[in-house]
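Chains as they are written, first to last, in our numbering: chain Z, 462 to 819; chain L, 462 to 819; chain X, 346 to 919; chain E, 7 to 344. The structure appears below as structure tokens.
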Amino acid sequence: MKSVRLEQITKMFGKSRAVEDINIDIKSGEFFTFLGPSGCGKTTTLRMIAGFYFPTSGKIAFDNEDITTVKPNKRNIGMVFQNYALFPHMTVFENIAFGLQVRKLSKSVIREKVEKAQEFVRLVGYGDRKITELSGGQQQRVALARALVIEPDILLLDEPLSNLDAKLREETRVEIKRLQVELGITTVYVTHDQHEAMAMSDRIMVMSEGEVQQIGTPQEIYNKPDNHFVASFIGESNILEGTIKEVSDNHVTVDVGDGILLKGIRENSSPHVDIAEDKKVSLSIRPEIIEVGKGSNSIQGKIQLTEFSGVSINYLVKIGNHELNVMIINSGSNILERGDSITLSIPENSIYFMSEKG
Amino acid sequence: MKSVRLEQITKMFGKSRAVEDINIDIKSGEFFTFLGPSGCGKTTTLRMIAGFYFPTSGKIAFDNEDITTVKPNKRNIGMVFQNYALFPHMTVFENIAFGLQVRKLSKSVIREKVEKAQEFVRLVGYGDRKITELSGGQQQRVALARALVIEPDILLLDEPLSNLDAKLREETRVEIKRLQVELGITTVYVTHDQHEAMAMSDRIMVMSEGEVQQIGTPQEIYNKPDNHFVASFIGESNILEGTIKEVSDNHVTVDVGDGILLKGIRENSSPHVDIAEDKKVSLSIRPEIIEVGKGSNSIQGKIQLTEFSGVSINYLVKIGNHELNVMIINSGSNILERGDSITLSIPENSIYFMSEKG
Amino acid sequence: MTSEAIAPKKSIWAKITQSKYFVYVLISPLVLVLLAYVIYPMYKTFSQSVMDQEGALSFSNYINFFTTEANLESLRNSVFISVVSVITCAIVGVAMAFLLNRYEFPGRKFLSVLVLVPMALPPLIGAISFYFLYGETGIFPRFFQQIFNLEEVPFSLEGIWGIIMVHTFTMYTYFYLSASAAIKGLDLSLEEAATSLGSGRLRIWTKIILPMLTPAMVASSLLVFMISMASYTAPLMFGVQRTMTMQITLSRTNGNLDMSATQSTVLSIVSIAFLILMTWYQNRRNYQNQSKGTGVHRTEVRSPIVRYLAVLLSIIGVVVLMLPIMVIALISFAVDGSWTTQIIPAAYTIQHYVELFTDPDTWGPIWNSIQMSTVAVIGNIIFGVAAAYAMVRFNFKGKAFMDILIMVPWALPGTVVAVNMISAFSEPSAFAFNQVLVGTFWILPLAYFVRQLPLVFRNSQASLIQMDQSVEEAAQSLGATWWHSFRRVVLPIIMPGILAGTLLAFVQGLTEFVASILIYTPSTMPLSVGIWNKMYSFEFGTACAYGVLQTILIVIVLLVNEKIKGDNDTGAAF
Amino acid sequence: ACGNDDGSSDGDSEGGNEEGEGGSGDLVIYTARDQTVVDEVIPLFEEEYPDINVEVLTMGAQQILERVRGEKSNPQADFWWGGTQSAFDTAVEEDLLQSYEPDFAEAIPEEYKDPEGHWYGEIILPEVIMYNTDELSKDEAPQDWDDLLDPKWEDEIIIRGVLQSGTMRTIYSAMIYRQDHEDPEAGYEWLNKLDANTTDYAQDPTNLYLKLARQEGTVSLWNLQDILLQKEQHNQPFGYVMPESGAPILVDGVGVIKDAQNAENAKLFSEFLFSPDIRSKLSEDFFQIPTRTDLEDEQQPDWLKDLEMNQMDLDWKIMAENETEWMEHWDQNIKNSN
Ligand SMILES: Nc1ncnc2c1ncn2[C@@H]1O[C@H](COP(=O)(O)OP(=O)(O)OP(=O)(O)O)[C@@H](O)[C@H]1O
Ligand SMILES: Nc1ncnc2c1ncn2[C@@H]1O[C@H](COP(=O)(O)OP(=O)(O)OP(=O)(O)O)[C@@H](O)[C@H]1O
Ligand SMILES: [Mg+2]
Ligand SMILES: [Mg+2]
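This is the structure in structure tokens:
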């Protein structure tokens, strides 16, 4: 229920820079996600919001109020730590109840709330267990319950579901989202799971090596990545380099080598691309968008590798000098093997133009 | 390079039963995965193979040699612990080198191997860091490198990638798999990520509440689940209850209520189902198999919920009293909103019959 | 492979090692040692207390004990003094531990050495220095009397509160050291988690930090409680007759050995009861670090006020704690008899040092003490750590009993321990390889060993309880033998605890007096007896100069310890 | 309790009395004498008996008793040098000493030795009134025990902790005995008044000297020898008054440990220690008053010649019988009651 603003935040550890020049405006009630490779500074940034690190430079404000140096316990946050940080000397119940006791609620209210939270994370009946007697996922759920139960203004979640199975993860995710929407808690979420990020977030910040790459809604980030990094980091993407052969009206034709010409739509391009004949350009093509069989932008290839993933079958297809990842929904039809020929087509409106790499 | 056999393994913690009557035969060089909800006993089983827990009853054998009571350090295993269990007083290098030093390799060989392992987990240049100066994902990678570098007979991995981003996870996964195949290391893998399980495993054991539900190849488990639990746990599945109306030759027609009749193929059924008229039966239909538009088994419904996940758009569709999850590949076309009508069709060969829920 | 051939052999060995009785094999040497050096003499004392002159079983001594008001009052006093001492020592020790371990500031290392120096206070002169500071004619009372122009001194330290004061000033190090070790092992993210849940400093302290320090606190509480019960010099100095130790001495002086045995037994029973209570309290909860991965991030202190406050408090604390030592140094430079009614001595000299350094007998006792303490401490480390490991990691019958065995010598007055040792070893016994130990070099190190074993044992145990066991498992999974993983993984992680205990034990060995005086031989005269000799012949200044030498020796030990610790640190806080 | 009987009844067989010329081997002495005394005597002894290897362990009388007791089954020491009559009596009762008949036995009065010859008094310690000479002149100081009860000494008297000090126990018992040895009530009453004037009890002698020198009080009760030692050797402002009604006189003695490994050497040492030369030397240097009554005038230092001994008449047997009871009563009912 509070907005969060980070202004030109930089954080150094000794001489090494963990994050640099971060600017974010998280709206009140927004679900905001940090996404990025391991070690890119997600936890560091989150900890600065929580108040456990002081930015080397820059300012942090909640609701326009500068809280850069305010103590963590005065920020009314709820946090799930990446390492859980459960109190080993307390039981599950005591762990979850801790924040409520701090808030001096009555015994009966605490019991009620804790029980509700236990239900929420599917740990009913585990109240008296010691932390050592829980499985990894159960520990993570205790950590989650402990942060949620205090209904904070701002919820900071550092990979809160990483040790849960897909089913529970999905259910918990939906529940968190519901809670967040119902209570309007501003939430900052760190995850390495894009699917999760996409499904839950209002906006996503993609980071790499301590720097912001793009901030936007899931669809913007997915469909209109600002740069190579974002395109390849978010979901899988085939990135081809080519030279623009022809620009007509709304259509662009690109030569990607080996005599292969691909036709796309002009408006599907990131802001800074120079679309003109003979310019070098990068094309991003999502594997799932490629179809099997003839159609627009038909090409021939040979299967290099086959991978079955349940929902889909993934092929690595060799086309000239390029290798394309192709994802075909598993419809029970037979699976092609390495060496088989395949005909693919790429819908025109699903080619996205970005400026050349580097 | 050793086979692993678990015979009627049961493990109790005090009075509570963590796993019960587990029988597995893991072949030499096989990649075997434990899959199951949080707290179902995956870690417990793994720890028994490693030798940290003694089974309350039952036997464990490596290569037909009973090792139930052999000490962990005599088993030549490599293990990644769910909580990493890194040596906090050592640097990254020292952590990874530990197992090699135990094996009394020469300094130069150790250096070489450790450096290769660091490269493998993308931690080149982090050798002299203290463990406390690493991010969560980096720590996990150290744990992985430490287990792999000793090239054990049996590799036990307890959610070794849970804190890595999708990209790195995928890459590491591929590398682990490659290593495993090249060296032929028997691998037991615990994961909560079915995608990972499907992509890597030779066989998967699905567990629930300490009991084995099904053991089989990824395709068997996905396409021919033994029971409700497996069907709904592995991937998403819509499970409908119905009564068989008509059995003709190879086709089965089932009334699932609200006057909706679905037609399927007889052979798509789990072993113990009794296919006969008027029998109750369960149908499992994967969300990704359902198509938009008219076709076989056409039905009408109303959209309840829309979720965008990058690759796909997920709808929750209300049909009579049923709610169906439907997953449509994101082809850039417009997304339907809550309340919109939709026509779906279910291919006949993609309905799977299971016995009624017990 | 050749598994065929080795399989059967392996399985026999495996059978033995995996048997649930194997742990008894492991702990048997320790039990033997304890039997010989603790149980056997203790049993003699006990049997003496329940036997009448004819040797028949009789509780008349106990009836006598519990019907004598003097005894009961002594018991009450001793328990009261011990309980309050535990509390005051805990406050001082833990507060100093936090100030000096949590905040980084220039000179922190130096202060953290100084804060331990009071440990070096020689028991005899140490007692007197308190008198000089806070006694009726002490520096402070006189100082305040003068500046406020009072008729009488405004306050002075006396009686039971005097004892408690002395205990606090000399025993807070037990808390300081073990708390410091525990703080190093404490996962900071727990505090952060509590903070993020909105809790303020106070609550973090009471609900997270102190509870998480429980193993360390229990260890030091036990040590302080027991040594307070067994404390002799402090009651002597404040003339409080009604404590258990004084009563025991009195009984012995009067030749009433049965009563003294009874009193000793009652004393140890009280201490054992406290031990059982604390163990029960500790076992109710789990203290193993349980986080995923290692305690990653460290809290930063930004607020300069907090930091300056920490610096200021540290300095004040250290100075106050150092005062008794400084007084001894002061006296060592004062002309004997020159300090009468002044606040501080009027005339100074270096004569005492000249005397000391020209006396060829000065260095012998110092060298003896170093040798004997070293021998004892090596034994302490081997057995103390092994016992702690067995107690924490294994589950076996008689665990509680072994705990008591190890602790009891600490709970008995030094005189009683020494007399036990004499009677046990004045004849050849199997436990001493058929040798008479009395009158040899070995009896003193042995006495030190038995008496100080709890120091290393308790502190190591506290560290072990906090250590995450899966780290050890990781080492095993990498093929390390038990010994290898113990050496390379367990030891380094619990090293702060071991070092704390070792330091205490070593310093204790260098300063032990009450037992030493009864069993030393001319060739093994320890330093403390040397000092006492000077005192006894009223060479007060020289005794203090000798005491200063002892203090310097201990400071050197502290510095060495700091060096070892420094090499071992897994990183100090910001 | 097996308290302090007179210790007269233990029938100990008389030890052999042969005397070797010269002597050789070891000699282990436990002593409660000051290091300085030891340092004076031992070299002289070693000069005379160069073949005897002497080892001296210094400790308190109480600790000697503890040690000898502990080592009973395998004695480590040969000679016990310095201990109170009561400590020796306890030791006799516990059968820790052997009896012997030295040459000087005749020269020692009955009351200063064990009738069976288990121990012999070496020096006597008169207990007197002590005062701070900076504050008081000899005339201002109390002249007799009863003067101490005068209210003008309120909070001026410092007493060395009574129960742990043989000296003080003797003085206090003597005070009770002096009032009425049949019924201690009168003595308790007297001590009660003394307690009223007492400002503090010092825990050890050093402390007593400190407190007195630092004028926490001006008057104390103490033994003559230590007062003189402090005064002459440590420049302390102390003086003494020999009470008009007499001073209780304590004996400090020596004994040979039972079953000592070097009993012969121990006897040699005791002969040496009691020899007139050594006695006069120790009187000279350490203000010791010998028990021997047969010293020539020229063997006595001036102070000793001038000393007007005024012995209080006491029945040590009755005192020993009652001391524990009296002292416990004092400790429990009188001490600090005012
Ligand atoms: N030491 C223990 N004492 C008591 N119960 C335990 C102990 N360890 C685990 N359990 C319980 O045993 C069950 C199985 O635990 P296990 O750790 O094997 O689960 P898991 O399948 O690895 O789960 P996750 O995916 O959450 O890590 C859980 O319900 C857990 O609470
Ligand atoms: N205390 C520290 N001292 C030095 N470097 C640190 C410290 N903490 C983190 N780092 C480094 O800062 C970088 C950012 O770390 P951070 O923990 O923010 O990563 P992250 O994005 O959370 O990664 P992950 O997804 O792996 O948890 C990493 O390279 C890490 O090694
Ligand atoms: Mg992180
Ligand atoms: Mg697990």
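Quick reminder that beta carbons are idealized off the backbone N, C-alpha and C, glycines included.
Please identify the residue among the options whose C-alpha is closest to the C-alpha of residue i.
i, options, result
"Ala890 of chain X", "X:Leu791, X:His697 and X:Ile384", "X:His697"
"Glu250 of chain E", "E:Gln306, E:Met325, E:Met315 and E:Gly223", "E:Met315"
"Arg75 of chain E", "E:Thr205, E:Ala97 and E:Gln185", "E:Ala97"
Would you say residue i reaches chain Z, if we count a Cβ-Cβ gap shorter than 8 Å as a contact?
i, result
"Thr504 of chain L", "yes"
"Glu594 of chain L", "yes"
"Ile553 of chain X", "yes"
"Ser310 of chain X", "Examination of residue 310 of chain X is not possible in this model, given that chain X is present from 346 through 919 alone."
"Arg548 of chain X", "yes"
"Pro649 of chain X", "no"
"Phe515 of chain L", "no"
"Arg652 of chain X", "no"
So is the beta-carbon of residue i under 7 Å away from any non-hydrogen atom of ligand 6?
i, result
"Gly645 of chain L", "Absent from the structure shown: ligand 6. Ligands present: ligand 1, ligand 2, ligand 3 and ligand 4."
How many angstroms separate the CA atom of residue i from the CA atom of residue j?
i, j, result
"Gln231 of chain E", "Gly259 of chain E", "15 Å"
"Lys666 of chain Z", "Ile538 of chain L", "Lys is not the amino acid found at residue 666 of chain Z; the sequence shown has Met there. Straight-line Cα distance between these residues: approximately 40 Å."
"Ser281 of chain E", "Leu478 of chain X", "46 Å"
"Glu772 of chain X", "Thr760 of chain X", "19 Å"
"Gly530 of chain X", "Thr559 of chain X", "13 Å"
"Asn810 of chain Z", "Ser464 of chain L", "52 Å"
"Thr64 of chain E", "Ser171 of chain E", "18 Å"
"Ile705 of chain L", "Asp739 of chain L", "5 Å"
"Ser770 of chain L", "Met659 of chain Z", "5 Å"
"Ile505 of chain X", "Pro580 of chain X", "8 Å"
"Val713 of chain Z", "Ile721 of chain Z", "14 Å"
Give the C-beta separation of residue i and residue j to the nearest angstrom, bearing in mind that I take them to be a contact with Cβ-Cβ under 8 Å.
i, j, result
"Ser743 of chain Z", "Met661 of chain Z", "About 29 Å separates the two Cβ atoms, so there is no contact after all."
"Phe51 of chain E", "Phe292 of chain E", "Their Cβ separation, rounded to whole angstroms, is 16 Å, which puts Phe51 of chain E and Phe292 of chain E out of contact at 8 Å."
"Ser541 of chain X", "Ala511 of chain Z", "6 Å"
When you compare the CB positions of residue i and residue j, do they come within less than 8 Å of one another, or not?
i, j, result
"Tyr491 of chain X", "Ile673 of chain X", "For the sequence presented, residue 491 of chain X should be read as Gln rather than Tyr. No, these two residues do not count as a Cβ contact at 8 Å."
"Leu469 of chain X", "Met880 of chain X", "yes"
"Asn699 of chain L", "Ile774 of chain L", "no"
"Ser757 of chain L", "Ile790 of chain L", "no"
Compare the C-beta of residue i with all C-beta atoms of chain L and state if any pair is closer than 8 Å.
i, result
"Asp654 of chain Z", "yes"
"Ile838 of chain X", "yes"
"Leu823 of chain X", "yes"
"Ser525 of chain X", "no"
"Pro498 of chain Z", "yes"
Would residue i count as contacting chain E if we go by Cβ distances under 8 Å?
i, result
"Glu772 of chain X", "yes"
Under 8 Å, Cβ to Cβ, is there at least one residue of chain X near residue i?
i, result
"Gly9 of chain E", "Bear in mind that a pLDDT of 35 at Gly9 of chain E, under 50, signals an unreliable position, so the model cannot answer this."
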